[in-house]
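Here is the structure we will look at.
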Amino acid sequence: MLSIALPTGRMCEQACRRLSAAGYDCRGITGPNRKLIFEDRERRLRYLLVKPRDVAMYVAHGAADIGVAGRDVILESEPDILELLDLGFGRCRLAVAAKKGWHDHTDRLLRVATAFPHVAEEYFLRQGRQIELIRLHGSVELAPLINLSDVIVDVVETGATLQQNNMEIIAEIAVSSARLIANKSSYHFNLAQINQICKELEAAL
Ligand code: PRP
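Count along the sequence shown starting at 1, add 6, and that's the number in this note's numbering.
In structure tokens form, the structure reads like this:
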């Protein structure tokens with residue numbers, strides 16, 4: 007059986023919708039339960055439900071053969087995986103944002119709050135800007151509002167969170183969407199089955 011790691015949360019429903027459109031049985035996965043493993047015996051597929059940020063790790067370590075992961079988290083963890091297909095959903099941007107009207111003092115160390123420390127470090131290194139990283143796990147937009155940081159590096163999807171907190175994008179770092187990824191050796195051992203899934207998902211796009 008091939009294992010596929012699916013992200014829980016807001017991407018789960020879209021991933022299941024895409025898989026169902028491609029003819030895969032995802033019944034029960036998005037329902038109100040705490041089950042973490044589902045099987046589609048007919049298709050020889052086992053679904054593992056994991057945190058979005060962990061999908062690439064499961065795949066990189068071979069605990070899952072394939073998975074659905076956002077490009078944002080792939081950029082952050084740079085896992086040793088193959089990216090097979092852009093699934094087109096979960097579109098968002100990784101961006102630098104600040105309070106509206108904020109002015110940068112380029113002679114000072116920039117305090118950056120983020121749950122994407124690697125992406126932030128790489129970005130500001132390319133800009134030649136020295137930063138102080140403030141690593142957070144969520145609600146990052148709060149940091150500049152209470153002067154914990156000058157700016158944030160975070161995911162922007164609809165822009166509602168920034169807008170409702172009187173913030174704005176000041177630079178765009180990367181665009182992101184959900185990707186079908188594969189473990190490198192699993193891909194070679196299960197070439198036919200993985201390519202078939204890829205083809206069917208692509209046809210359902
Ligand atoms: C993410 C992200 C932003 C928000 C952006 O947070 O960290 O806060 O979504 O989406 P928007 O542009 O559509 O408003 P999430 O909902 O995952 O929760 P978190 O703040 O706990 O990370």
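Cβ atoms here follow ideal geometry from the backbone N, Cα and C, with glycine treated the same way.
- Rounded to the nearest angstrom, the gap between the Cα atoms of residue 143 and residue 178 is 20 angstroms.
- For residue 29, the closest alpha carbon among the candidates 158, 48, 59 is that of 48.
- Distance from the CA atom of residue 176 to the CA atom of residue 112, rounded to whole angstroms, is 14 angstroms.
- Counting only beta-carbon distances shorter than 6 angstroms to the non-hydrogen atoms of ligand 1, the qualifying residues in chain order are 144, 145, 146, 147, 160, 161, 162, 163, 164, 165, 166, 167.
- C-alpha of residue 104 to C-alpha of residue 145: approximately 14 angstroms in a straight line.
- Boundaries of the alpha helix (DSSP H) around residue 205: 197 to 209.
- Put simply, of 147, 98, 41 the residue whose alpha carbon is nearest the alpha carbon of residue 106 is 147.
- At a cut-off of 3 residues, the continuous stretches assigned as beta strand (DSSP E) that sit fully inside the segment 21 to 65 are 43 to 46, 51 to 56.
- Secondary structure at residue 163: coil, using DSSP grouped into helix, strand and coil.
- Rounded to the nearest whole angstrom, the C-alpha separation of residue 63 and residue 15 is 17 angstroms.
- When C-alpha distances from residue 74 are compared across 89, 196, 42, 124, the shortest belongs to 89.
- Exclusion of the five residues before and after residue 46 leaves 30, 31 as the residues of its chain whose Cβ lies within less than 7 angstroms of its Cβ.
- The C-alpha of residue 87 lies about 7 angstroms from the C-alpha of residue 187.
- Counting only residues of its own chain and dropping the five nearest sequence neighbours on each side, residue 129 has a CB closer than 6 angstroms to the CB of 179.
- Counting only the Cα atoms, residue 25 lies some 10 angstroms from residue 208.
- The three-state secondary structure of residue 126, taken from DSSP, is helix.
- Between the segment 67 to 85 and the segment 36 to 46 there are fewer than three C-beta pairs closer than 8 angstroms, too few to call the two in contact.
- DSSP, reduced to helix, strand and coil, places residue 16 within a helical segment of the structure shown.
- The distance from the Cβ of residue 120 to that of residue 160 is about 6 angstroms, consistent with a contact at the 8 angstroms cut-off.
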